[in-house]
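J.: Counting from 1 along the sequence shown, just add 888 to a position and that's the residue number in our numbering.
Take a look at the following structure, please.
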Amino acid sequence: MAIKSTADKVATIQKGYTLEGPTIELGAAIIDGEVHKDAPVRLPLSMMNRHGLVAGATGTGKTVTLHMMAEQLSAAGVPVFLADIKGDLSGLATAATGSPKLLARTEGIGQAWSGKTFPVEFLALGGDGNGIPVRATITSFGPILLSRIMELNDTQESSLQLVFHFADKNDLELIDLKDLRAVIQFLTSAEGKDELEELGGLSKSTAGVILRELVTLEAQGMEKFFGEPEFDTAELMRTAPDGRGVITCLELPTLQTKPMLFSTFLMWLLADLFDELPEAGDLDKPKLVFFLDEAHLLFNGASKAFLDAITTTVRLIRSKGVGIFFVTQTPRDVPAEVLGQLANRVQHALRAYTPEDAKALKATVSTFPMSDYDLEETLTSAGIGEAVITVMNEKGAPTPVALTRLRAPESVMGPSADALILSTVAGSALLPKYGTAVDNMSAYEKIAGKGPAGSGAEAPAPVPDGGAAGGGAPDVSDVEAEARRIEEDILGRPSSRPAPAPASQETRREPQAEAPRRSPRQPAGESPAGDLAGALGGALGGGLKSMARSLGTQLGRELLRGVFGTSSKRRR
């Protein structure tokens, strides 16, 4: 192979990053040891929903990179969600001051730098921090994500799904931890013995293990996170009055003590967005970009069902206009099924101090396209604020690999003053809505006061028109049709199921009016749920069979519990 001249290498970068539409400017290429500001490296805004990876060793500048990208996304009118792991991303709300060193760097890469502030909303999990309290209900969080937090094994996870199925069927709202504890205590009591036997597959000993784990969660203070009012993920997609995207910054001051809660909560947000957002197709810019910092926490020790659900969400949420960027140390932290869907790569320096580090380096190099760089040498010698980049261009092809000196953020690279954060929170429109916890009637009160709704001598819960009572439940043909739709429309593969026969005029049902967004679930009868579990289990595969158990009368619109077993129910 002929050795390229520096001019030829520069021309390759210039051609590869000449794009037509709006872009996120990343920096200037470094070629043969020199920065070439006439060879800018950029990422098409329209390709941000093809997801990405920001990786590198500790201290190489990953947080500053996502800081810089978040600023430009906001300026382009794209809302951003990011987690503030170290507490220094709150500086987005404060304009930076230029120093001679900073201005010399920005001049060297052709960046017209000026200090700016950006619209920031501060959130805190369960009020653990200065931000707006973020809560989720147990029923919305779902059994798979809750099993992840409780570190249950596969058998215990399946048993917990049966508990959720029982609660859904009997109209027992699982709002907080005491509600779930009350349901399990009921099932393991003498009064609930018959219901426990009917569930089949849920032993009293396994229920006892789950109950003990719930007590542990309460002892760790996690009851503050589960409850109402539940956070509406639509709040993440707001823009400021001047048209800039709002940057939602989640404070995580106690991450080290609750890493599983943090990572699982982020997946709950994504699952909820996935369930609620309509299909959008290819857009000029994404509706939201999500930065998942400390991404290895998501995958360490995860069950197969959890990993399958992450993979499905990443693959399908792209068409809903949401981009996800995983931020971690090496690509090996991300499962291959997920890594293969990350089209945009920003790789900071890696260190090869140990044999394991050397393996990680070789694995990282193997994931990049062929280039003019010796990537093993480049990745171990890159400086702070430099990264090896390749992204997807507007035609869907990878751009040339480019060692890049990255742009500097225009807001403070560090925390904002506490007084500014507190005043921002106090003036937020979200504070009156989410600031005070409420305790509505739910499973705990129902069981303590009169036993489970719809069981025993109590009157059954009312069934809306089209519900499971009175012959309104879906028949086998409905189940087959829905399974076929999921295979073809959601999973994107030809269905092996026969096409349904056309219904006669007499038997054709009137279509149900679509329920409004955030509508409560309707109770489902046990027999239709069982039929549906069998049909959808075949369509979705063994890992997701149990989630189909609680599909109710919203047939034809959505899985009642989504990819993660989450529910779209909201009570305001």
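From the three backbone atoms N, C-alpha and C, an ideal C-beta is built for every residue, glycine too.
If you run the structure through DSSP and keep just helix, strand and coil, what is residue 1232?
T.: Of the three classes helix, strand and coil, the one that applies to residue 1232 here is strand, per DSSP.
J.: With 16 other CB atoms within 10 Å as the buried threshold, where does residue 1166 fall?
T.: Its Cβ having fewer than 16 others within 10 Å, residue 1166 is exposed.
J.: Could you pull out every residue in the same chain whose Cβ sits closer than 6 angstroms to the Cβ of residue 1035, ignoring the five residues on either side in sequence?
T.: Around residue 1035: 1045 and 1048.
J.: Are residue 1493 and residue 1156 touching if we call contact CB-CB under 8 angstroms?
T.: The displayed coordinates of the chain run from 889 to 1460. Any statement about residue 1493 would go beyond what the structure contains.
J.: Who are the near neighbours of residue 927 in its chain, counting only those whose CB is closer than 8 angstroms to its CB and skipping five residues on each side?
T.: Closer than 8 angstroms at the Cβ level, and outside the excluded window around residue 927, lie 898, 901, 902, 905, 916, 917, 919 and 1290.
J.: Would you list, in sequence order, the uninterrupted beta strand (DSSP E) runs of no fewer than 3 residues that lie entirely inside the stretch 1161-1222?
T.: You should have 1176-1180 and 1210-1216.
J.: Using 8 angstroms as the threshold, is the stretch 1301-1310 in touch with the stretch 1100-1119, meaning 3 or more CB pairs across them?
T.: With the cut-off at 8 angstroms, the stretch 1301-1310 and the stretch 1100-1119 do not touch.
J.: Which residue wins for smallest C-alpha separation from residue 1270, given the options 896, 947 and 929?
T.: The shortest Cα separation from residue 1270 among 896, 947 and 929 belongs to 947.
J.: Determine the DSSP secondary structure at residue 1054, reduced to helix, strand or coil.
T.: In the structure shown, residue 1054 sits in a helix (DSSP, three-state: H, G or I).
J.: To the nearest angstrom, how far is it from the Cα of residue 1041 to the Cα of residue 1081?
T.: Near 24 angstroms, if we compare the C-alpha coordinates of residue 1081 and residue 1041.
J.: Quick one, which of 988, 1202, 1233 and 1217 has its alpha-carbon nearest residue 1225's?
T.: Answer by Cα proximity: 1202.
J.: Here's the rule I'm using: 16 or more other beta-carbon atoms within 10 Å means buried, otherwise exposed. How should residue 1118 be labelled?
T.: Burial call: buried.
J.: Nearest-angstrom Cα distance between residue 1251 and residue 968?
T.: For residue 1251 and residue 968, the distance between alpha carbons rounds to 30 angstroms.
J.: Just how far apart, CA to CA, sit residue 1298 and residue 984?
T.: So the two alpha carbons sit approximately 6 angstroms from each other.
J.: Should residue 1279 and residue 1266 be called a contact, given that it needs their Cβ atoms to be closer than 8 angstroms?
T.: Not a contact, by the Cβ cut-off of 8 angstroms.
J.: Can you check whether the CB of residue 1026 is closer than 8 angstroms to the CB of residue 1068?
T.: Their beta carbons are under 8 angstroms apart, which means residue 1068 touches residue 1026 by this criterion.
J.: Which first and last residues belong to the beta strand (DSSP E) in which residue 925 is found?
T.: Residue 925 -> beta strand (DSSP E) spans 922-932.
J.: Could you tell me which whole alpha helix (DSSP H) segments of length 4 or greater appear in the stretch 990-1034?
T.: Runs found: 1026-1029.
J.: To the nearest whole angstrom, what separates the beta carbons of residue 941 and residue 1214, a pair I think is in contact under 8 angstroms?
T.: Sure, about 5 angstroms apart at Cβ, within 8 angstroms.
J.: In terms of residues, what are the limits of the alpha helix (DSSP H) holding residue 1105?
T.: Residue 1105 -> alpha helix (DSSP H) spans 1092-1107.
J.: Does DSSP classify residue 902 as helix, strand or coil?
T.: In the structure shown, residue 902 sits in a helix (DSSP, three-state: H, G or I).
J.: Can you pull the DSSP bridge partners for residue 1133?
T.: Beta-bridge pairing links residue 1133 to 1127.
J.: Could you compute how far the alpha carbon of residue 1183 sits from the alpha carbon of residue 1292?
T.: Between residue 1183 and residue 1292, the C-alpha separation is close to 23 angstroms.
J.: What are the residues that DSSP puts in a beta bridge with residue 1113?
T.: Looking at the DSSP assignment, residue 1113 forms no beta bridge with any residue, so it has no partner.
J.: When the Cα atoms are used, what is the spatial distance from residue 1495 to residue 1137?
T.: The question about residue 1495 has no answer, for the chain in this structure spans 889 to 1460.
J.: Taking Cβ to Cβ, would you say residue 1268 is nearer than 8 angstroms to residue 1248?
T.: Cβ atoms of residue 1268 and residue 1248: not closer than 8 angstroms.
J.: Assess, as a yes-or-no matter, whether the stretch 990-1004 is touched by the stretch 1121-1129 under the definition of 3 or more beta carbon pairs within less than 8 angstroms.
T.: Touching, no, given that fewer than three Cβ pairs across the two stretches are closer than 8 angstroms.
J.: Mind reading off the beta-carbon distance from residue 1245 to residue 973? Whole number of angstroms is fine, and I expect it under 8 angstroms.
T.: 22 angstroms between Cβ atoms; not a contact.
J.: Going straight from the alpha carbon of residue 1234 to that of residue 954, what length do you get?
T.: Cα-Cα distance, rounded: 10 angstroms.
J.: For residue 1259, which of helix, strand or coil comes out of DSSP?
T.: Correct three-state label for residue 1259: coil.
J.: Using three-state DSSP, classify residue 1280 as helix, strand or coil.
T.: Strand.
J.: Bridge partners of residue 940, per DSSP?
T.: Note: residue 940 sits in a beta bridge opposite 1213 and 1232.
J.: Going by DSSP, which residues form a beta bridge with residue 1290?
T.: Residue 1290 is bridged to 1277.
J.: Could you check where the beta strand (DSSP E) with residue 911 kicks off and where it finishes?
T.: Note, residue 911: beta strand (DSSP E), 911-919.
J.: How is residue 1306 classed by DSSP in three states: helix, strand or coil?
T.: Three-state result, residue 1306: helix.
J.: Which of the three DSSP states is assigned to residue 1415 in this structure?
T.: In this prediction, residue 1415 has a pLDDT of 37, which is less than 50 and means its spatial position is unreliable; nothing more can be read from the coordinates.
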